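Notes follow the structure.
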Amino acid sequence: MYADFIAGWAAGGAGLLVGHPLDTVKARLQTMNVYKGIVDCMVQTMKHESVYGLYKGMFVPFISTGALHSLLFAGYGAGLKFLHPGDSNVMARKDLPMTDILIASICGTLVQVGPVIPVELLKTKLQVQRENVGHFSKHSKNLYAGPMECARETVRTEGIRGLFKGGSVVFFRDNIGYLFYIPVYEGLSRYFRRHNLENTYTQLFAGGCAGVSGWISVCPLEVVKNRIQADKSHKTISPKEMTLKIYREEGIRSFYRGGWAISLRGFVVNAVIFVVYENTYAFFD
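In the working numbering, the protein residues as written are 675 to 959.
Here's what the structure looks like:
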C-alpha cells in the first residue's frame, strides 16, 4: 500500500501545480456575478491582483493535496487488495471487474473525505478575496493575510464547526464524483489497450476524461459548496437553503456557472495526475 501512498502524493502535487489558477477562476465564477467568463476572470484577476491572485489559497492545498491524494489512492489500493489479495501490481489491476473498481473507489473516497473539508473551506475563502493585497502590505480587516489567519478567524467567530461548513455537500460531492473518476479512467485505459493504443498520450486523454466526467457530474454541488463556504455572514446555512436561494435568485443555469473552467481544469489536472500516479506506482511497486 506504500506504493499507492507515495504515487498518490506525487500525483496530487503535480496536479495542483498545473491546476490551481483554473481552480481559483472556477471558485470565483461560481461565487461572484462580476465576470463574463473564464478569460475575463483571469484578466481581471491579474490586472487587479497580479499573477499571485490566481494562486490565492494555494498554500494549504500545497501542503495537504499530496497527502489527500495519498489517502485516496491508498484507500483505493487497500480496497483492491482486500478484494484480490494476490493482485498487487499495476498490470494485474487493469483486468479486475469494474464492480471491484467502483467498490475500491468508494473506499478511497471515504478515507480522504474527512480531512478534505477544512482544506476546501480555507482554500475557497482565500480564493474569493478579490482585493489587491500583497504579502507584506497592510491589509483590510475584512481580508485574510493567509490560511492561518483565515483558520483562526473562522474558529474565533464560528467555533471549530466553522472549519467544517459545507461538509455534507463535500461528502456527497466526492462520493458521487469519484464514482466516475477512477472507473472512467480504467474503462478508457482498457479500451485503448484492447486496440493496442496504450501509451502516454492515451493515458493523458483517459485521465483528462476521468477528471471532466467526475467534476461535471458534481458541478451543481460544487456551486452550492462554494457559496456556503464563501458566505461571510457567520450564519449556519443548510445545503437545502442555499440551493433554493440560488435557484430563486439566479435560476437553474447558475448551478453550472464555471462549468467550462471546471471542465478545463478537470482535464488538465487529472491528465497529469494519472500519468504521474501510474509511473510513480510502477517505479515503487
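The beta carbon of each residue, even a glycine, is placed where N, CA and C say it ideally should be. Bear in mind the structure is a predicted one, so any value in this text is a computation, not a measurement.
message: For Ser940 and Gly885, I'd like the C-alpha separation in whole angstroms.
response: Checking the sequence shown, residue 940 turns out to be Gly, not Ser. If you take the alpha carbons of Gly940 and Gly885, they lie about 5 Å apart.
message: So for Asp769, helix, strand or coil by DSSP?
response: Three-state DSSP puts Asp769 in coil, outside helix and strand.
message: Within 8 Å, do at least three Cβ pairs link the region 781 to 794 to the region 740 to 757?
response: yes
- prompt: Cα-Cα, which of Ile911, His743, Ala688 is closest to Glu832?
  reply: Ile911
field: Other residues of its chain near His743: CB distance less than 6 Å, five sequence neighbours each side excluded
entry: Gly682, Ala685, Gly686
message: Here's the rule I'm using: 16 or more other beta-carbon atoms within 10 Å means buried, otherwise exposed. How should Ser863 be labelled?
response: buried
query: For the ligand PLP, is there a heavy atom less than 6 Å away from the beta-carbon of Lys710?
result: The ligand content of the structure shown is nil, which means the ligand PLP is not present either.
field: C-alpha gap between Lys899 and Phe957, whole angstroms
entry: 37 Å
- prompt: Where does Ser842 fall in DSSP's three states?
  reply: helix
message: Can you give me the C-alpha to C-alpha distance between Leu691 and Cys883, rounded to a whole angstrom?
response: 19 Å
message: According to DSSP, simplified to helix, strand and coil, what is Leu918?
response: helix
query: When we look at the beta-carbon of Thr739 and count the other beta-carbons within 10 Å, is it buried (16 or more) or exposed?
result: buried
query: Is the region 919 to 929 in contact with the region 889 to 897, if contact means three or more CB pairs nearer than 8 Å?
result: yes
task: Determine the burial state of Glu923: buried for a count of at least 16 other Cβ atoms within 10 Å of its Cβ, exposed for fewer.
output: exposed
field: Helix, strand or coil at Tyr859 according to DSSP, with G and I counted as helix
entry: helix
query: Using 8 Å as the Cβ pair cut-off and three pairs as the minimum, do the region 815 to 827 and the region 854 to 869 touch?
result: no
- request: Tell me whether Ser937 is buried or exposed, calling it buried when 16 or more other Cβ atoms sit within 10 Å of its Cβ.
  value: buried
Local conformation of Gly925 per DSSP, three classes: coil
task: Could you pull out every residue in the same chain whose Cβ sits closer than 7 Å to the Cβ of Ile775, ignoring the five residues on either side in sequence?
output: Ile856, Pro857, Glu860
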